[in-house]
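The next block holds one structure in the form of structure tokens; read it before the comments.
Number of protein chains: 2
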Amino acid sequence: MTARPVPDTDPALLEEILAGLAASAAPLADTDRLARARAVRAVADALDAASADLVEVAARETWLPLPRLTGEVGRTSGQLRMFAGGLEEGSYLDVIIDPADPGATPVPRPDLRRVQVPLGPVLVFAGSNFPFAFSVAGGDTASALAAGCPVVVKAHPGHPETSVRTAEVVRRAWEGAGMPAGSFALVLGEQVGVDALRDPRITAAGFTGSLHGGTALYRIAAQRDAPIPFYAEMGSLNPTFVTAGAIAARGDEIAAGFVTSFTLGVGQFCTKPGLLFLPRGHGLDAALERAVAAAAPGRMLHERIRTGHDAVRAQLAALPGMRVAAAVDSDPDAGGPAGATLLATDLATLLAEQDTVLPECFGPTSVVVEYDGMDDVLVAARAFGASLTATVHAEPDEIELVRPLVRELRDQAGRIVWNGWPTGVAVSWAMHHGGPWPATSSPLHTSVGMTAIRRFLRPVTYQDVPAALLDDVLQDANPAGIPRRLGGRLSTGDLSRS
Amino acid sequence: MTARPVPDTDPALLEEILAGLAASAAPLADTDRLARARAVRAVADALDAASADLVEVAARETWLPLPRLTGEVGRTSGQLRMFAGGLEEGSYLDVIIDPADPGATPVPRPDLRRVQVPLGPVLVFAGSNFPFAFSVAGGDTASALAAGCPVVVKAHPGHPETSVRTAEVVRRAWEGAGMPAGSFALVLGEQVGVDALRDPRITAAGFTGSLHGGTALYRIAAQRDAPIPFYAEMGSLNPTFVTAGAIAARGDEIAAGFVTSFTLGVGQFCTKPGLLFLPRGHGLDAALERAVAAAAPGRMLHERIRTGHDAVRAQLAALPGMRVAAAVDSDPDAGGPAGATLLATDLATLLAEQDTVLPECFGPTSVVVEYDGMDDVLVAARAFGASLTATVHAEPDEIELVRPLVRELRDQAGRIVWNGWPTGVAVSWAMHHGGPWPATSSPLHTSVGMTAIRRFLRPVTYQDVPAALLDDVLQDANPAGIPRRLGGRLSTGDLSRS
Chain A
1 MTARPVPDTD
11 PALLEEILAG
21 LAASAAPLAD
31 TDRLARARAV
41 RAVADALDAA
51 SADLVEVAAR
61 ETWLPLPRLT
71 GEVGRTSGQL
81 RMFAGGLEEG
91 SYLDVIIDPA
101 DPGATPVPRP
111 DLRRVQVPLG
121 PVLVFAGSNF
131 PFAFSVAGGD
141 TASALAAGCP
151 VVVKAHPGHP
161 ETSVRTAEVV
171 RRAWEGAGMP
181 AGSFALVLGE
191 QVGVDALRDP
201 RITAAGFTGS
211 LHGGTALYRI
221 AAQRDAPIPF
231 YAEMGSLNPT
241 FVTAGAIAAR
251 GDEIAAGFVT
261 SFTLGVGQFC
271 TKPGLLFLPR
281 GHGLDAALER
291 AVAAAAPGRM
301 LHERIRTGHD
311 AVRAQLAALP
321 GMRVAAAVDS
331 DPDAGGPAGA
341 TLLATDLATL
351 LAEQDTVLPE
361 CFGPTSVVVE
371 YDGMDDVLVA
381 ARAFGASLTA
391 TVHAEPDEIE
401 LVRPLVRELR
411 DQAGRIVWNG
421 WPTGVAVSWA
431 MHHGGPWPAT
441 SSPLHTSVGM
451 TAIRRFLRPV
461 TYQDVPAALL
471 DDVLQDANPA
481 GIPRRLGGRL
491 STGDLSRS
Chain C
1 MTARPVPDTD
11 PALLEEILAG
21 LAASAAPLAD
31 TDRLARARAV
41 RAVADALDAA
51 SADLVEVAAR
61 ETWLPLPRLT
71 GEVGRTSGQL
81 RMFAGGLEEG
91 SYLDVIIDPA
101 DPGATPVPRP
111 DLRRVQVPLG
121 PVLVFAGSNF
131 PFAFSVAGGD
141 TASALAAGCP
151 VVVKAHPGHP
161 ETSVRTAEVV
171 RRAWEGAGMP
181 AGSFALVLGE
191 QVGVDALRDP
201 RITAAGFTGS
211 LHGGTALYRI
221 AAQRDAPIPF
231 YAEMGSLNPT
241 FVTAGAIAAR
251 GDEIAAGFVT
261 SFTLGVGQFC
271 TKPGLLFLPR
281 GHGLDAALER
291 AVAAAAPGRM
301 LHERIRTGHD
311 AVRAQLAALP
321 GMRVAAAVDS
331 DPDAGGPAGA
341 TLLATDLATL
351 LAEQDTVLPE
361 CFGPTSVVVE
371 YDGMDDVLVA
381 ARAFGASLTA
391 TVHAEPDEIE
401 LVRPLVRELR
411 DQAGRIVWNG
421 WPTGVAVSWA
431 MHHGGPWPAT
441 SSPLHTSVGM
451 TAIRRFLRPV
461 TYQDVPAALL
471 DDVLQDANPA
481 GIPRRLGGRL
491 STGDLSRS
């Protein structure tokens with residue numbers, strides 16, 4: 001690990017940071033959403049401007065290649081700009097106005113106006129595998145700041161210096177754009193993160209990381225005197241199901257695409273396809289072997305992650321009924337490149353060993369599983385589908401064959417991919433990067449895409465409150481022209497003229 | 001307590017019910033939303049038709065007066081019809097479509113179509129104080145069934161026979177309208193409820209009741225191998241703040257309105273105003289005494305609740321600096337009528353004894369608190385505002401005086417009432433019946449109003465999935481004409497023509 005040691009945040013500084021967060025919550029919540037949009041764009045611009053410097057530090061700390069890191073900074077600033085656009089559009093406020101109805105039975109209905117307001121200070125536990133897009137300036141931070149919540153990020157120990165440098169860029173741009181001092185901060189240290197999570201001034205938390213870590217922190221949040229929402233994005237097996245027809249039509253392409261996807265970023269993506277279900281006698285062994293042999297070994301994020309990967313891979317390979325279908329040698333030094341490994345088994349073995357197989361093997365290892373028919377596939381979907389994503393490869397004449405599978409996956413996964421690969425998560429309104437436990441701790445929410453902002457907002461309803469005390473978005477005239485729900489119908493209109 | 005003993009559900013029956021719930025989850029989720037709307041209306045009609053019978057049983061079990069119970073059945077069926085209307089309107093599906101963008105950078109964007117799907121089997125812990133509107137056929141059940149989730153209700157022990165009879169009406173109407181057998185059930189028994197909550201087939205739970213009970217169950221849900229969302233609506237102090245101007249303009253009316261509100265339903269409403277903040281030297285003592293004297297004593301829900309109320313009232317009255325401002329004698333028999341009690345103190349005393357005072361006194365007792373200026377009021381709002389509601393009484397020329405108070409309450413309460421009373425919760429789109437802990441366990445959600453359905457839905461995104469495998473609401477043509485978000489903009493249009 002080449003990360004230089006950065007000392008943990010000391011208790012006095014943590015207290016100062018938490019006090020600053022609490023003190024800035026109301027001023028930040030009171031900033032105009034358009035001013036906040038400008039500040040979010042300023043952070044995006046500042047990250048782009050600092051990209052070369054930040055990437056250099058991150059490349060040293062994480063061993064990720066420069067082009068990937070450079071692209072990731074662009075993804076991070078693009079994500080911030082998406083939230084800025086969402087602030088400008090205004091529908092995230094989810095304004096609902098039910099005008100008074102003096103004739104309602106059994107009692108007259110008052111005037112009710114509902115809007116979303118910021119939840120309060122948010123704690124973000126940064127992830128390791130995207131040192132920009134899921135770290136200090138990543139989606140959790142971007143959505144919480146956009147919502148109007150102060151943010152303290154707990155840096156991931158895998159890239160402390162990158163975290164410190166990024167935080168400084170964010171803080172300067174954010175405060176420089178007029179946002180309250182103290183409304184964005186960074187802390188370092190595992191115990192510091194836990195202490196912050198237990199602090200009553202923190203009102204919600206986001207997390208990207210392992211099932212083990214996410215579960216432990218989720219339970220700490222639930223055991224507080226006043227529990228808070230804890231949004232954890234955790235492990236995922238991302239099963240992929242391939243039909244006989246798809247293999248007949250484009251077997252080699254599927255084999256190559258699969259290996260590219262599970263080795264992308266040296267297998268360190270939460271959407272890595274960890275299980276490939278193929279019909280027995282699929283005939284893709286040679287194509288898969290060729291694809292694995294062609295996959296260039298890469299250095300993993302840091303030594304600890306490489307060591308963890310090797311241990312889980314060995315555990316999987318030792319299972320009865322499991323064989324190594326293809327493998328590229330890894331550098332025995334944990335700091336050297338790791339090669340791809342493809343294991344193979346059949347569904348019966350996998351089900352018998354479910355407890356052992358279920359852990360995600362974070363790294364360039366995946367498992368091919370042979371099935372005997374669509375009934376098997378449905379069993380597999382039920383057993384392994386609770387994931388961020390599930391993928392189906394099938395041909396146009398197989399729609400009816402796979403209809404029950406797609407239906408079953410709807411009950412399990414957050415995103416269903418057709419004839420593609422789950423890696424690469426588009427940042428847009430319609431993205432859902434979530435899913436039932438163990439994919440996330442909160443099946444209702446996404447950590448990627450515009451609707452991620454909903455995690456950090458809560459409703460308030462004003463009953464018969466005079467217009468002089470209401471925000472402009474709650475006025476009859478709708479001067480900002482934002483989409484609202486009036487009397488149960490969506491509208492961008494002026495209530496006073498309807 | 002006049003409730004006849006009804007035996008707890010035995011383990012074999014609980015297993016049968018949970019298996020039935022799990023088996024019916026997919027068929028129920030696959031019902032057409034318009035068919036589900038018809039079934040929800042059928043349940044409403046059946047409740048109205050059975051109203052006289054149900055009310056008779058409830059009056060015996062809960063001691064609530066017949067007119068109140070009859071009105072509550074109407075509220076319950078009206079609530080069901082609101083959800084039916086919401087299903088028909090269709091925006092609850094929150095459909096978001098981002099068409100493919102082959103020119104997107106850094107990578108082409110696939111076609112993404114996002115929709116809300118039912119979460120799965122829901123466990124509802126019924127409340128005691130509304131034996132219809134927050135019980136077997138109440139808001140939790142109505143919103144979960146409307147969402148397409150099977151429901152098992154854990155009956156409140158305060159009205160077991162009412163629960164059994166109501167459940168039978170609901171089940172017959174629901175299944176009679178074509179909904180899957182086994183998708184609605186009732187269980188009885190405290191341990192049975194806990195066992196159900198721990199069962200992996202349950203995917204979410206709703207609760208109405210005390211802070212103590214809600215917290216315990218919330219933590220059980222968080223400790224499951226796979227934790228689930230637990231939506232608890234719990235205690236609430238519902239502070240009311242009155243300015244000097246409001247007293248000068250309509251002091252007697254405020255005194256009378258306050259006493260009517262805190263004694264409504266013998267003080268057994270979650271929105272009962274439990275704290276009335278008046279300026280020192282308010283001069284309303286006589287008016288409050290008259291109003292309390294005029295409030296007719298009433299029997300409480302059951303003996304246990306009456307005993308609990310009397311104990312908390314005694315605890316409050318014994319605090320240093322607390323005096324009894326007005327009281328009506330209660331029948332010493334816990335089955336007899338309870339009279340109203342108004343205690344009085346000042347803010348300093350209340351803050352010094354905050355831990356003792358904070359518990360909700362469930363019943364016809366409230367506390368007048370004298371304050372010395374608007375700074376005091378802001379301190380009070382921060383200390384006691386985290387409630388379902390907060391109320392402000394002020395005059396038109398005091399808007400600037402109370403602006404900071406209304407702003408502070410926005411950060412604390414779920415609903416802000418102006419020159420009215422918090423009791424009486426309108427059932428509509430814009431209602432928010434929620435708030436930060438301890439008002440609820442989930443600050444993002446409401447248990448009353450149309451948006452309560454969101455608690456039981458989760459998103460799924462389809463990536464490049466063929467139209468033949470997508471629901472009609474995700475088709476380009478939008479045959480149902482429901483409101484959707486297309487490319488980031490709300491629309492009821494046809495994507496194929498845009």
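First to last, the sequence lines map onto chains A and C. Each residue of the first sequence is one higher than the one before, starting from 1 at the first, in full-length UniProt numbering. Each residue of the second sequence is one higher than the one before, starting from 1 at the first, in full-length UniProt numbering. Beta carbons: idealized from backbone N, C-alpha and C, even for Gly.
Through-space distance from residue j to residue i, alpha-carbon basis
i	j	result
F184 of chain A	A480 of chain A	28 Å
A383 of chain A	L351 of chain A	8 Å
P200 of chain C	A477 of chain A	49 Å
A467 of chain C	I97 of chain C	13 Å
D346 of chain A	V369 of chain A	5 Å
V357 of chain A	G214 of chain A	Residue confidence for V357 of chain A is low, a pLDDT of 49 falling below 50, so the modelled location carries little weight; the figure read from the coordinates is stated next. Whole-angstrom Cα-Cα distance: 19 Å.
A168 of chain C	P150 of chain A	In the sequence on display, residue 168 of chain C carries Glu and not Ala. Looking at the two C-alpha atoms, the distance is approximately 50 Å.
R403 of chain C	A100 of chain A	23 Å
M1 of chain C	R306 of chain C	In this predicted model, M1 of chain C has a pLDDT of only 45, less than 50, meaning its place in the structure is not dependable; the value taken from the coordinates is given anyway. Approximately 11 Å, taken between the alpha carbons.
E333 of chain C	P297 of chain C	The question names Glu, yet the displayed sequence has Asp at residue 333 of chain C. Cα to Cα, the separation comes out at about 13 Å.
T70 of chain C	V448 of chain C	19 Å
M322 of chain C	T349 of chain C	8 Å
V124 of chain A	G206 of chain A	5 Å
G420 of chain C	A59 of chain C	29 Å
L18 of chain C	V153 of chain C	11 Å
A294 of chain C	P65 of chain C	18 Å
G209 of chain C	F258 of chain C	23 Å
G251 of chain A	P118 of chain C	35 Å
Own chain residues within Cβ distance below 8 Å of residue i, not counting five before or after
i	result
A386 of chain C	Q412, A413, G435, P436, W437, P438, A439
H212 of chain C	none
A255 of chain C	L284, A287, L288, R290, A291
V170 of chain A	V43, A46, L47, V136, A137, T141, F184
V328 of chain A	V292, A293, A295, P297, G339, A340, T341
Cβ neighbour criterion (16 or more within 10 Å) applied to residue i
i	result
residue 499 of chain C	Look at the range of chain C in this structure, 1 to 498, and you will see that residue 499 of chain C is not part of it.
T162 of chain C	buried
P320 of chain A	exposed
Residues near residue i by beta carbon distance below 6 Å, same chain, minus five either side
i	result
Y218 of chain A	F230, A232, S441
A390 of chain C	P239, L409, A413, I416
V367 of chain C	L275, L343
G267 of chain A	G363, P364
residue 515 of chain A	Chain A is shown from 1 up to 498; residue 515 of chain A falls before or after that span and cannot be answered.
Chain-order list of residues whose beta-carbon lies under 7 Å from that of residue i (same chain, five-residue window excluded)
i	result
L470 of chain C	R113, Y462
A317 of chain A	V324, L343
G23 of chain C	Going by the sequence as given, residue 23 of chain C is Ala instead of Gly. Only G182 meet the Cβ criterion.
V377 of chain C	F241, F277, Y371, L405
V57 of chain A	E161, T162, R165
L93 of chain C	V115, Q116, V473, I482
G178 of chain C	A35, A39
For the segment 310-374 of chain A, which segments carrying the beta strand (DSSP E) assignment without a break, of at least 3 residues, lie completely within its bounds, in sequence order?
323-327, 341-346, 365-371
Q: Let me know the beta strand (DSSP E) ranges lying completely inside the segment 178-251 of chain A, each 3 residues or longer, listed in chain order.
A: 184-187, 204-208, 230-233, 239-242
(message) Tell me whether the segment 99-118 of chain C and the segment 423-431 of chain C touch, counting them as touching only if at least three CB pairs, one residue from each stretch, are closer than 8 Å.
(response) no
| query | Between the segment 245-257 of chain A and the segment 325-342 of chain A, do at least 3 Cβ pairs fall closer than 8 Å? | reply | no
* Asked: Can at least three beta-carbon pairs, one atom from the segment 482-495 of chain C and one from the segment 80-91 of chain C, be found at a separation below 8 Å?
  -> yes
query = Would you call the segment 28-43 of chain C and the segment 138-153 of chain C in contact, with 3 or more CB pairs under 8 Å?
reply = yes
**Request:** Specify whether the segment 128-141 of chain A and the segment 66-81 of chain A touch according to this definition: at least 3 beta carbon pairs, one from each stretch, less than 8 Å apart.
**Result:** yes
Entirely enclosed alpha helix (DSSP H) segments - the segment 107-154 of chain A, minimum 4 residues
139-147
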